[in-house]
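Visitor:
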Amino acid sequence: MATIERYDRRDLPFIDGKPRVLVLQGGAFGLITRMLAEVGFAKADGIKDADLIVYGGGSDVSPEFYGQHPIQQCGYPDRARDERERKVFKEAVDLGIPQLGICRGAQFLHVMCGGTLWQHVTNHTKDHLMFDITTNVMVRTSSTHHQMMKFNDDMTLIACCDDDVATFYEDAFEKVDYAEEGGFIPQIEVEVCSYEPQNVLCIQGHPEYGPMEFTSWSMNLLKDWFNEKRKAA
0 MATIERYDRR DLPFIDGKPR VLVLQGGAFG LITRMLAEVG FAKADGIKDA
50 DLIVYGGGSD VSPEFYGQHP IQQCGYPDRA RDERERKVFK EAVDLGIPQL
100 GICRGAQFLH VMCGGTLWQH VTNHTKDHLM FDITTNVMVR TSSTHHQMMK
150 FNDDMTLIAC CDDDVATFYE DAFEKVDYAE EGGFIPQIEV EVCSYEPQNV
200 LCIQGHPEYG PMEFTSWSMN LLKDWFNEKR KAA
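Letter by letter, the sequence shown follows residues 0 to 232 of numbering that gives the first Met the number 0.
1) Using DSSP bridges, identify the partner residues of Gly100.
2) Under three-state DSSP, which class holds Thr134?
3) Under 6 Å from any heavy atom of the ligand PLP, does the C-beta of Gly25 make it?
4) In angstroms, rounded to a whole number, what distance separates the CA positions of Ile31 and Thr166?
5) Please classify His29 as buried or exposed, where buried requires at least 16 neighbouring CB atoms within 10 angstroms.
6) Which of helix, strand or coil does DSSP assign to Phe167?
7) Figure out for me which residue from Gly209, Trp216, Phe225, Ala158 has the closest Cα to the Cα of Ala27.
8) Can the beta-carbon of Arg83 be found closer than 7 Å to that of Ser61?
9) With 16 as the cutoff for other CB atoms within 10 Å, does Ile14 come out buried or exposed?
10) Between Ser142 and the rest of its own chain, which residues show a CB-CB distance below 7 Å, the 5 nearest in sequence each way excluded?
11) Taking Cβ to Cβ, would you say Ala171 is nearer than 7 Å to Ile70?
12) What is the rounded straight-line gap between the Cα of Thr214 and the Cα of Leu11?
13) Return the chain-ordered list of same chain residues with a C-beta closer than 7 Å to the C-beta of Val110, the five sequence neighbours on each side being excluded.
14) Using DSSP bridges, identify the partner residues of Glu212.
15) Could you check the C-alpha separation between Thr121 and Asp163 for me, to the nearest Å?
16) If you draw a straight line from the alpha carbon of Tyr6 to that of Val136, how long is it in whole angstroms?
17) Would you give the residue range spanned by the alpha helix (DSSP H) that Arg83 belongs to?
18) Specify, as a first and last residue, the run of the alpha helix (DSSP H) that Ala37 falls within.
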């Protein structure tokens, strides 16, 4: 059995060639742009000028975008932002531009690729450990979300929670409450995944916030993933 180690690196990679990134307006815009600049990205002037498009944090994704009505615990979606970003997503897919989502951005891209969300989960508003299934390492990730990407067979799963962090999950059609008798149904709590046909990478934590080992892990993942996309282009 492979040994599971703790990821404790704090180094940031550097991506050669000054690739251009378009960071869409959203939560932690300044922190995201600074983080990407530190690993070698330059600012793109628009979608067609970009080598990478990044979607940041913010309000809940509109449930109607994944075929549901909002439950009581759903926040207040920004429908105008959802529509703007859906247009960007479609154009980027048509042009073959890689796209990265962070937190709400990850959930949005997941939905655009056909995924659905748990509209409300508990205990994901604090740091916790996640397991990188590709390298068998444990990583401490930041977490500030109450919605969560639901696992599906179309995604390439990269990292999930080490153990179930949430004790309650709900969407418009399903509710899992560990406090109820017989309510224990093990869940795959997705933290990082990709959708290869659409050139999409989803990171549900906040590497721009830290902890620094999570920033390092995320940016090294981005470098390897992004360079593979450049080779394939």
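The beta carbon of each residue, even a glycine, is placed where N, CA and C say it ideally should be.
A quick note: this is a predicted structure, and the numbers were derived from the prediction, not measured.
Guide: By the coordinates alone:
1) The partner list for Gly100 (beta bridge, DSSP) reads Tyr54, Cys201.
2) Reduced to three states, the DSSP call for Thr134 is coil.
3) This structure lacks the ligand PLP, and indeed carries no ligand of any kind.
4) For Ile31 and Thr166, the distance between alpha carbons rounds to 30 Å.
5) This sequence places Gly at residue 29; His is not what is there. Per the 10 Å Cβ criterion, exposed.
6) Here Phe167 sits in strand by DSSP.
7) Comparing Cα-Cα distances from Ala27 to each of Gly209, Trp216, Phe225, Ala158, the minimum goes to Gly209.
8) Not closer than 7 Å, so no.
9) Its Cβ being crowded by 16 or more others within 10 Å, Ile14 is buried.
10) In its chain, beyond the 5 residues on either side, His123, Thr124, Lys125, Asp126, His127, Gly204 have a beta carbon closer than 7 Å to the beta carbon of Ser142.
11) In terms of Cβ geometry, Ala171 and Ile70 form a close pair [threshold 7 Å].
12) Going from the Cα of Thr214 to the Cα of Leu11 covers about 8 Å.
13) Contacts found: Val60, Phe64, Tyr65, Leu116.
14) For Glu212, DSSP assigns no beta-bridge partner whatsoever.
15) Answer to the nearest angstrom: the Cα atoms are 11 Å apart.
16) About 6 Å.
17) Run containing Arg83: 78-94, per the alpha helix (DSSP H) assignment.
18) A small correction: the amino acid at residue 37 is Glu; Ala does not occupy that position in the sequence shown. That run of the alpha helix (DSSP H) goes 28-37.
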